[in-house]
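Residue numbers (the UniProt record's numbering), protein chains in the order written: chain A, 1 to 799; chain B, 1 to 799.
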């Protein structure tokens, strides 16, 4: 496990030199900068690094540096003989082609060694243009992005050079790079520098120029003389000295800002869902940037020669949103394309391509014959409110209730659907809502059986309220897979007992005057409620009972003719069934739709978080035509009265489209097949079934889950599904409430992960829900990273 | 008024050829394509256009075309003698430099003439690289973006050409361009085409190659012979024929999709706030793209030789969000930078630069000493819920109410704060909420005096309920400016009467058992309620009375010691005052904060819509430290229980930062000074006060407002402030309710604007609120466009 790291030290000044074209003078600028730095900071303090170089040694850039700045430390990490693009040269070399991560690791090691020597400068020169491919073929702009070394862009002073410079600048910015300065030769004919100075002035990017070097001389000695004289002349040029001072200042400002931003945040930010009295500035993580699965976070206690930034695995997937890695260039380009094509455009009574294409893609991929309509909003909470408005209206009209009737939600204990007040009202009172002034839980929430692995055994725990009905306290299974084999479990005694229990409960509720307008569930896993894995058979049975018996049960009017409960493919019966898939959907649990794990089709389905791959807020509430029809009227005000200004904003829709396409592509091409079969199977066997994902699979290995479940002294249970791992810890002795949201039982484990892996080269940043520790991967996390995390967690639990 | 138009015709196939570098063979590809098209579609049908060309005629690209494809129609619009970048050549020419809009208009006219000839092909060749500046200095990628002509990118086959091609591609995508194909020469040494084919395969961008042309020959006749032979050989190459067929198909797909998407939307989209039974497919606008202030919309009834796309002024500023123009490249790049640097990162207990910098920028610019904290959410509605949660808690704790006490909002009739249920509950029953199942208005909403211009006279209308207290039905003013001179109006008889009335009302409400937890106002203008301009003196007085007498009034407990009502700079008194500036803030009404028009500082302020300049959803709720302190406790669950997954998403924060910086820059440099003084004043006078914006100003001229107000037969009143113009129309004879949301009185005017301006070259897309017609400009709309709209509106009203 070798996560990419950003490069930042307190005393070593690291800069990366990029070219806006080939042959724009990168090496000359590098040499000039090195010489200028040597003059002001003594030559031992200055170093030059060419990570990847092509061409015969005496033609290479480092040769030029060695010739004209012989005092400067000068290294090349990967040298290829053939003078062409590194990816081609690497192939032709016949040597093993280094992975991107290996190239980054080598650069970091090199820089760390320089940093250990104390203060100084390190200039890293790239090869060719910003997108020239590295040895593996990855364009350098992507390859080096995680390092976030401040960029110096050498502009193109030739004909057409304005265009090359602007395009290269934009490609760097797209990767979150800070371009600290543009440097280019003065050219009296084209005067590109004048244009560029004006252009970049509003963005506060300074443009520095030096005279053009002399014409290249074919005679080596004459060339040496004239270039020597050129560098000599430059040494009295103030321009590079100014640039160095400017770079030094910007770098100091960056470190300063990073080191003070937690205090500033403490003073100005009002944090979400956070008791700030209990959050000191030192507990706030300053995030410099993020790439792939890792934040690059400030290490506040780094010694003066240690790296200031450290990779931290984003173990909460940034509040469950991350799907395709931080800084994913495909998502960035999708966002930028939509921003350029539309900005935001009004959605009411109009239509644009990303919104329509996304609606079509969602409806197609859900494979739910009921769903026919897509309503857009901004987040899971608003999307659940929309779903609620939809369902309540449909139910009220069918059952003939008046607008004043108190109609509630039928749900499960511990459900949570978001923080807006309407969404809060969809949940029973609990720590997330009961202190909120206008909160009034509207409905009833049933207790339900849950699933966990405990001491190597998968078991379904039956809550007390059901135990009498079921005549037992639980059931055990060979594997999680078996728990989800609903076709086999339906018809069992447990199933019958679930049916009876649910029907009795509903009859009791209705007899007490309850009116319900929706069955609202988070299918399979209740997220914020504590990562509770529900027995899928119970959820399935609940839906079935509501649909088969609901019309008779819930109708309180005799005046209206009701559709019978015969199963319809598209019309709702009993109650509109809402699945809140905000957390569980879109491959989080391994399936496009978590509903498919239950084998039922909801009438309304809510999707957010992963929808945009983890980039910008967007929510889609999908509904059936029969729900939609409830709002059709000749009266404008009977419409669904909801609509945010940025409804269906093109940037979000385009990113979501790209994100769904990419995840579907990954599934289809077997990118997750390493996780589809138990680890005992041979790779060949796994290869065979690359395109057939099992119903139940997880990136967290079953061996690891088994191992964790046996740490009986500390663990109450564990489960893993898709990218999610959840561990319920036994409450600590000091815990007030024993368990639940207020417990601090999982904090030890969390703290242990934050202190990092074996070699201290990375840490893991996780969130806990009371005594539940959870961690999740993105859909891009590789096997090595997951196994590295497993090792860290196992060690922490066994300590 | 000459809005930029996208180019699309039913039969004419228009494509634009871009270079990823200079000297990559654009002209050779153009010639090859023209010849191939001529072969298959007859030469009369094929045309070549070089909008801007530099160099002596016999060196120009059109010369090459004329030489080797003499049958092809071949035009140049702007020819400059000096062979350098068009912006430099234009300067050197001594001729007047054409505006970007003039260049676009010429291209469109030219293409329209070709389209009038029937089916065919038109290839438009750009100059230099994608960012090479046009005559005005605007990079071509920006200059030509509004045309959205499908792009053919000529890749660079030379050393370093991979980088140049990828960077150019990204710069085009950033402008919302569809790159239909990449074309480049085969080069056996570098084989860039092989890399590019692999690279672009997942994005479905085909890469076409042809052999390299022969070495250039200094002898003209030899050159002519060898190039002639080259083109002859190419004519049997299938590659260009395939490309043409592919282009033709993609273009047909585009038109097909545009023409069917309204029907598809009718079938799959559930529209926000829309009674879809009353919305036929033909009423849905298909938006192809948008640039600046204009959508590019499908003209469904375009004749076969007429343009399929037409610019439509975005008169609702896309539901009040648009600030800096659609497709603004600065905002796009800001979004892309944050996406590349972070994606989204977890915000609870962490901090990142865009969120912190935006918080600091907002707090600084509000110039409100009370505000000290920033809470992020996703839209105005959630931000108002957050504000409500904040205020209710603060009030409840101070006044010692229990969590079960029914605490409401004190507001104004017609207020509206968003569509989530909690935000709906902050408003009195009305057409937007009363049919929503869980809606229960919580609070009381006072009637209030309103402002309008009527028959040339500015007047304040007093609602009936207040007339007895005031002893009159209204007041008249010389100008709107005078209405806002609160320093002069405070102390007047009206002010005293307002005070007395408000105090009496509050006493009456409290005596009836009302408990209030917040005073919540949209300062100055109530948006969704019908663009109602409130008398600022009344709103100001309301805040003052609540603050000065509130503690005594609202406290229902005698057990708690209350802070006295002495005015504090930072602590709240009476009630926490919430200003919902979602619509009115951030320069929409001409001022950074609309509160400054009232001269009071709220304790909580909500900002969204314009916050991101009109790109992505984001909301900031600002609050005072005394409000924040109400949530401090040793108990986690006393925290503010709100927090969306994408809280403070870096893309939104970075775009907002860029947007606020740009709007502040525009204000400081007097970009709006043309609108700051009445039109009677001379330009010189206006120049003098370029940096001093008056308190009250509007882009809509006072002459125009005066003119509209005198159309007495149709108009009840009109006002203009900042970028907003609102006209209340008299209800039509057929209107059921007479006025209000259900009225259709404004629909005629709306329909008239949709049918467009004089020459049919553009239309205006507006929204209405019942009998209120409104239109707003963005912060980038220029004077000519506003005056053009004024002319259109005046004509429509006088018809």
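By construction, the Cβ of each residue, glycine as well, lies at the ideal position given by its N, Cα and C atoms.
By the three-class DSSP mapping on this structure, what secondary structure does residue 10/A have?
By 1-based counting over the first chain, the position of residue 10/A is 10. Of the three classes helix, strand and coil, the one that applies to residue 10/A here is coil, per DSSP.
For residue 452/A, which residues does DSSP report across the bridge?
For this step, residue 452/A is matched to residue 452 along the first chain. Bridge partners of residue 452/A: 459/A.
Taking residue 192/B as the reference, give the member of 220/A, 665/A, 137/A and 24/A with the closest Cα.
For the purposes of this step, residue 192/B is taken as the residue at position 192 of the second chain. Cα-wise, what sits closest to residue 192/B is 137/A.
Cut-off 8 Å between Cβ atoms - residues of its own chain near residue 679/A, not counting five sequence neighbours on either side
Taking the first residue of the first chain as 1, we reach residue 679/A at position 679. Note on residue 679/A: pLDDT 48, under 50, position unreliable in the model; no value is reported.
Determine, for residue 560/B, whether the minimum Cβ-Cβ distance to residues of chain A falls below 8 Å.
Position 560 of the second chain holds residue 560/B. Any reading at residue 560/B needs caution, since the residue's pLDDT is 49, under 50, leaving its predicted position unreliable; the model's value is listed next. No, because no Cβ of chain A sits closer than 8 Å to the Cβ of residue 560/B.
Contacts that residue 84/A makes with chain B (C-beta to C-beta distance below 8 Å)
The residue you call residue 84/A lines up with position 84 of the first chain. Per Cβ cutoff of 8 Å: 159, 189 and 190.
Residue-level contact to chain B via CB, residue 17/A, 8 Å cutoff
Taking the first chain and counting its residues from 1, one reaches residue 17/A at position 17. False, the Cβ-Cβ gap to chain B never drops below 8 Å.
Quick one: grab the DSSP three-state call for residue 306/B.
As a working note, residue 306/B is residue 306 in the second chain. Coil at residue 306/B, not helix or strand.
Based on DSSP bridge pairs, tell me the residues matched to residue 292/B.
For the purposes of this step, residue 292/B is identified with residue 292 of the second chain, where counting begins at 1. Residue 292/B pairs with 326/B.
Check whether the segment 8–18 of chain A and the segment 117–124 of chain A are in contact - that is, three or more C-beta pairs closer than 8 Å.
yes
Mind checking who residue 183/B pairs with in its DSSP beta bridge?
Your numbering for residue 183/B matches position 183 in the second chain. Note: residue 183/B sits in a beta bridge opposite 154/B and 208/B.
For the alpha helix (DSSP H) that contains residue 50/A, what are its first and last residues?
Stepping through the first chain from its first residue, residue 50/A is reached at position 50. Careful: residue 50/A lies outside any alpha helix (DSSP H), inside the beta strand (DSSP E) at 46–54.
Hey, residue 800/A and residue 129/A are a contact pair by Cβ (cut 8 Å); roughly how many whole angstroms apart?
With chain A represented from 1 up to 799, any question about residue 800/A goes unanswered, as that position is not in the structure.
For residue 318/A, which residues of its own chain have a beta-carbon under 7 Å away from its beta-carbon, when the five flanking residues on both sides are left out?
In the first chain, residue 318/A corresponds to position 318, counting from 1. Within the same chain, residue 318/A has close Cβ partners 614.
Indicate whether at least one CB of chain B lies closer than 8 Å to the CB of residue 251/A.
In the first chain, residue 251/A corresponds to position 251, counting from 1. So no, residue 251/A is outside the interface.
Is the Cβ-Cβ distance between residue 620/B and residue 601/B less than 8 Å?
Locating residue 620/B in the second chain gives position 620, where the first residue counts as 1. Locating residue 601/B in the second chain gives position 601, where the first residue counts as 1. Contact flag unset, no.
Cβ-Cβ distance between residue 697/B and residue 675/B below 8 Å
Reading the second chain from its first residue, position 697 is the one you call residue 697/B. Reading the second chain from its first residue, position 675 is the one you call residue 675/B. Taking 8 Å as the Cβ cut-off, residue 697/B and residue 675/B qualify as a contacting pair.
At 3 residues or longer, what runs of the beta strand (DSSP E) sit wholly inside the segment 564–626 of chain A?
577–580, 604–607 and 619–624
Name the chain B residues that come within less than 7 Å of residue 295/A, Cβ to Cβ?
Here residue 295/A refers to the residue found at position 295 when the first chain is read from its first residue. Residues of chain B passing the Cβ test: 345.
Taking the straight line between their C-alpha atoms, what separation do you get for residue 711/B and residue 453/B?
Reading the second chain from its first residue, position 711 is the one you call residue 711/B. Reading the second chain from its first residue, position 453 is the one you call residue 453/B. Using only the alpha carbons, I get a separation of about 11 Å.
For residue 366/B, which residues from the same chain have a beta carbon less than 6 Å from its beta carbon, with the 5 sequence-adjacent residues on both sides left out?
On the second chain, position 366 is the one that residue 366/B refers to. For residue 366/B, where only same-chain residues beyond five positions count, the Cβ hits under 6 Å are 593.
Run through the segment 56–86 of chain B for me and flag every whole beta strand (DSSP E) of 3 or more residues, listed as ranges in chain order.
73–80
Cut-off 8 Å between Cβ atoms - residues of its own chain near residue 181/B, not counting five sequence neighbours on either side
Indexing the second chain from 1 puts residue 181/B at position 181. Answer for residue 181/B: 152, 153, 205, 206, 207, 208, 243, 246 and 247, listed in chain order.
Between residue 438/B and chain A, is there a C-beta pair that is closer than 8 Å?
Residue numbering aside, residue 438/B sits at position 438 when the second chain is read from its first letter. Closer than 8 Å to some Cβ of chain A, the Cβ of residue 438/B qualifies, so yes.
Residue from 281/B, 301/B, 33/B and 635/B whose Cα sits closest to the Cα of residue 816/B:
No answer is possible for residue 816/B: the residues shown for chain B start at 1 and end at 799.
For residue 378/A, which residues in chain B fall below 7 Å Cβ to Cβ?
Here residue 378/A corresponds to residue number 378 of the first chain, with the count starting at 1. Here the neighbours are 378, 379 and 617.
Could you run through the segment 325–339 of chain A and flag, in chain order, every residue whose CB is less than 8 Å away from some CB of chain B?
325, 326, 327, 328, 329, 331, 332, 333, 335, 336, 337, 338 and 339
Is residue 370/A near residue 603/A, with beta carbons less than 8 Å apart?
Against the first chain, residue 370/A aligns to sequence position 370. Against the first chain, residue 603/A aligns to sequence position 603. Yes, the pair counts as a contact, with Cβ atoms nearer than the cut-off.
May I ask which residues mark the beginning and end of the alpha helix (DSSP H) holding residue 501/B?
Here residue 501/B refers to the residue found at position 501 when the second chain is read from its first residue. From DSSP, the alpha helix (DSSP H) with residue 501/B extends over 493–511.
Looking only at DSSP bridge pairs, what is residue 373/A linked to?
Here residue 373/A corresponds to residue number 373 of the first chain, with the count starting at 1. DSSP output for residue 373/A lists 623/A as bridge partner(s).
CB-CB under 8 Å to residue 686/A, same chain, minus the five flanking residues each way: which ones, in chain order?
Your numbering for residue 686/A matches position 686 in the first chain. With a pLDDT of 47 at residue 686/A, under the threshold of 50, the predicted position of this residue should be treated as unreliable, and no value is reported.
Report yes or no: do the segment 336–354 of chain A and the segment 647–662 of chain A share at least 3 C-beta pairs separated by less than 8 Å?
yes
Check whether the Cβ of residue 571/A lies closer than 8 Å to any Cβ atom in chain B.
The residue given as residue 571/A occupies position 571 in the first chain. Not one chain B Cβ lies under 8 Å of residue 571/A.
Under DSSP, the beta strand (DSSP E) around residue 774/A begins and ends at which residues?
Counting from one through the first chain, the residue named residue 774/A turns up at place 774. Taken as a continuous stretch (DSSP letters only), the beta strand (DSSP E) holding residue 774/A covers 772–776.
Residue 309/B: contacting residues in chain A (beta-carbon distance under 9 Å)
The sequence position of residue 309/B within the second chain is 309, counting from 1. Those within 9 Å of residue 309/B in chain A number zero; the least Cβ separation is about 13 Å.
Integer Cβ distance of residue 622/B from residue 374/B, believed to fall under 8 Å
Position 622 of the second chain, counted from the first residue, corresponds to residue 622/B. Position 374 of the second chain, counted from the first residue, corresponds to residue 374/B. Rounded, the Cβ-Cβ distance is 6 Å, consistent with contact.
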